[in-house]
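Have a look at the structure below, then the notes.
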Amino acid sequence: MANIVVLGAGLGGTLMAYELKAELRAGDTLTVIGQGSHYHFVPSNPWVAAGWRERDEVEIDISATMARKGIAFRPEGAARLHPDENRVELSDGSSIPYDYLVLATGPDLAFDEIPGLGPDGFTQSICHVDHAEKAFLALEKFIANPGPIVVGAVQGASCFGPAYEFAFILDTELRKRRVRDKVPMTFVTSEPYIGHLGLDGVGDTKGLLESQMRNRHIKFITNARVQKVEDGKMTVEEVGEDGVVKKTSELPFNYSMMLPAFRGVAAVRGLEGLTNPRGFILVDKHQRNPKFPDIFAVGVGVAIPPMGPTPVPVGVPKTGFMIESMVTATAQNIGALLHGRVPEAQGSWNAVCLADFGDGGVAFVAEPQIPPRNLNWSAQGKWVHYAKVAFEKYFIRKIRRGESEPFYERWMMEGLGIRRLTRPR
Ligand SMILES: Cc1cc2nc3c(=O)[nH]c(=O)nc-3n(C[C@H](O)[C@H](O)[C@H](O)COP(=O)(O)OP(=O)(O)OC[C@H]3O[C@@H](n4cnc5c(N)ncnc54)[C@H](O)[C@@H]3O)c2cc1C
């Protein structure tokens, strides 16, 4: 009989546990290690930061769902993985042994790589619900004393959609509050052009997002490298195609939200053969680490090489559907190993995204994520806002009920030609 352990109880980890449960033989055990007993729906964080959602609307006591599903849940958090000994050391000093381990720890937020960046410095963040709540308090203060805003994503970032979402959501909120006319806004991004998104654009995201910037009076700086942030001032270098700094600007701000670069979490960073130099987990096309074949990985913690060279480093985003495709492949592959078969499932890694602007939005599908693509589609409209709200409610309900991919979801997505696996079982 086998002990299967999932490390991380976010988007990838919870779905991973639900799908693995169905693959187990009688007597196999499944344990999820989380950090605290709550799941947060990360895509709602921009709404929390704008005051459009309360924390309790996007938070679930995941330990209760796990208990109902018969999955052991440890909320202590992992201190260190010991892959040579097949055990995860928890923060209380105890250890959990495994036969198969799935790493689903998401990102560590590398604020410390830029002086003054992040919630402990001078910029806000929406990466965690705690940050988003703090960002909302800062926004309330800002509205009493409006001035310039700087929003964006720094060098090495790989998650750009939420930066655009938050810039446009702020624009919508400030217009509602009748103070937008007092707020010069600048979008600062390491992307080589607006709408690149770490994917070299999808459909016409370049045109759609640039036109939104113009319509909403948001200036932008691309190929940007943030040198430092001080109280009310961000120093930004603009880099040319040749990688040489063209211009250095000091941008004043009364409010700023910048997405940081990501790296692997401390519990796994620096493990030879398991991680790349940034601490992301190396996996093959079956989500399996080549050096430690008992270890699989899903989600933002997985190492994916960048799309291609850009003047300022830009990472590839790992979006929700892509993560779900990694999860389904991993569950089927561990299931295959448990039942004596060869693991063959491969996630499609298709990117499907809804970016909400409060009063509209942009949707895109990239299949595969690296161009040239079979499906390269983007569109905009008010429907995206409603679709994202509906998706939020649906997804949170799914997590609370302990489901990953109900039959009607699979049926609908397959009807649209969007599949989780490249080679269905
Ligand atoms: C602000 C924001 C908005 C986003 N919006 C969208 C969107 O609209 N659509 C979309 O497709 N994608 C979106 N994404 C991208 C992606 O879908 C999410 O980041 C998603 O939550 C990633 O899932 P994950 O499981 O990899 O990581 P997470 O959901 O972050 O989960 C990782 C979990 O691991 C836990 N963990 C970390 N270290 C340890 C440890 N040592 N021990 C135990 N547990 C640990 C963490 O506490 C966390 O619960 C967004 C990302 C961000 C940052």
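So this note's numbering is basically just the index in the sequence shown, starting at one, shifted up by 4.
Positions of the beta carbon are idealized from the N, C-alpha and C atoms, including for glycine.
Legend entry - Residues bridged to Glu93 [DSSP beta-bridge criterion]: The partner list for Glu93 (beta bridge, DSSP) reads Arg84 and Ser99.
Legend entry - Whole-angstrom distance between Asp88 and Leu278, CA atom to CA atom: 11 Å
Inset, instruction - Return yes when the Cβ of Ile403 is within less than 7 Å of the Cβ of Thr109, no when it is not. - result: The answer is no: Cβ separation not under 7 Å.
Legend entry - Contact test: Asn49 Cβ vs ligand 1 heavy atom, cutoff 6 Å: yes
Legend entry - Limits of the beta strand (DSSP E) - the one that Ser382 falls within: Leu379 to Gln384
Legend entry - Per-residue DSSP class, three states only, for Gln350: coil
Inset, instruction - Would you tell me roughly how many angstroms separate the C-alpha atoms of Arg29 and Glu23, rounded to the nearest one? - result: 13 Å
Legend entry - Within 7 Å, strictly: CB atoms of Pro101 and Asn7: yes
Inset, instruction - Could you check the C-alpha separation between Asp363 and Thr226 for me, to the nearest Å? - result: It is roughly 25 Å from the alpha-carbon of Asp363 to the alpha-carbon of Thr226.
Legend entry - Per-residue DSSP class, three states only, for Phe266: Strand at Phe266.
Inset, instruction - Would you please state the rounded distance, in angstroms, between the beta carbons of Val52 and Phe140? I believe it to be under 8 Å. - result: 6 Å
Inset, instruction - Spell out the partners DSSP gives His44 in its beta bridges. - result: In the DSSP secondary-structure assignment, His44 is bridged to Glu63.
Legend entry - CB-CB length for Leu105 against Leu174, believed under 8 Å: In fact, because the Cβ distance is near 40 Å, the residues do not count as touching under 8 Å.
Inset, instruction - Let me know if Tyr168 comes out buried or exposed under the rule of 16 or more other beta-carbons within 10 Å of its beta-carbon. - result: buried
Inset, instruction - Could you check which residue in Val192, Asn149, Phe170 and Phe164 has the C-alpha nearest to that of Arg182? - result: The candidate whose alpha carbon is nearest that of Arg182 is Asn149.
Legend entry - Candidates Ile37, Leu286 and Thr193, of which the one nearest Ile299 by Cα: Leu286
Legend entry - Ala432 versus Val155 - alpha carbon distance: In the structure displayed, the chain extends from 5 to 429; residue 432 sits before or after that span and is not available.
Legend entry - Assigned secondary structure, Val369 (DSSP; H/G/I helix, E/B strand, else coil): strand
Inset, instruction - Return the chain-ordered list of same chain residues with a C-beta closer than 8 Å to the C-beta of Trp353, the five sequence neighbours on each side being excluded. - result: Met326, Ser329, Met330, Pro372 and Gln373
Inset, instruction - Output yes or no for whether 7 Å exceeds the beta carbon distance between Arg220 and Val243. - result: no
Inset, instruction - Compute the minimum distance between the beta carbon of Ala13 and the heavy atoms of ligand 1, and state whether it is under 6 Å. - result: yes
Legend entry - Glu27, buried or exposed, once every other Cβ within 10 Å from all chains shown has been counted against 16: buried
Inset, instruction - Indicate, with yes or no, if ligand 1 has a heavy atom lying under 6 Å from the CB of Val158. - result: no
Legend entry - Neighbourhood of Glu245 by C-beta, 7 Å cutoff - its chain only, sequence neighbours within 5 removed: Sequence-distant partners of Glu245 (beyond 5 residues in either direction) whose C-beta falls short of 7 Å from its own C-beta, in its chain, are Pro315.
Inset, instruction - Could you tell me whether the segment 199 to 212 touches the segment 259 to 278, where touching means 3 or more Cβ pairs closer than 8 Å? - result: Touching, no.
Inset, instruction - Grab the span of the alpha helix (DSSP H) containing Ser215 for me, first residue to last. - result: Per DSSP, the unbroken alpha helix (DSSP H) holding Ser215 starts and ends at Thr209 to Asn219.
Inset, instruction - Starting from the Cα of Val272, find the closest Cα among His389, Ala333 and Ala82 and give me that residue. - result: Ala82
Legend entry - Same chain only: Cβ atoms within 6 Å of Pro119, ignoring 5 sequence neighbours per side: Residues of the same chain with a CB within less than 6 Å of the CB of Pro119, apart from the 5 flanking positions on each side, are Lys232 in chain order.
Legend entry - Val46 beta carbon near ligand 1 (any heavy atom closer than 6 Å): yes
Inset, instruction - Return the CA-CA distance between Asp116 and Asp124, expressed in angstroms with no decimal places. - result: Taking the straight line from one Cα to the other gives about 9 Å.
Legend entry - For Gly283 and Pro294, the rounded distance between their alpha carbons: 15 Å
Inset, instruction - Taking only heavy atoms of ligand 1 into account, decide whether any of them is closer than 6 Å to the Cβ of Gly362. - result: no
Inset, instruction - Could you check the C-alpha separation between Glu254 and Phe361 for me, to the nearest Å? - result: 27 Å
Legend entry - Whole-number beta carbon distance between Ile147 and Met189, since they are thought to touch under 8 Å: Their Cβ separation, rounded to whole angstroms, is 14 Å, which puts Met189 and Ile147 out of contact at 8 Å.
Inset, instruction - Can you tell me the Cβ-Cβ gap for Val302 and Met70, rounded? I've got them flagged as a contact below 8 Å. - result: Incorrect: roughly 17 Å between the Cβ atoms, too far for contact.
Inset, instruction - Count the other C-beta atoms from every protein chain shown that fall within 10 angstroms of the C-beta of Val269, then say buried if there are 16 or more, exposed otherwise. - result: buried
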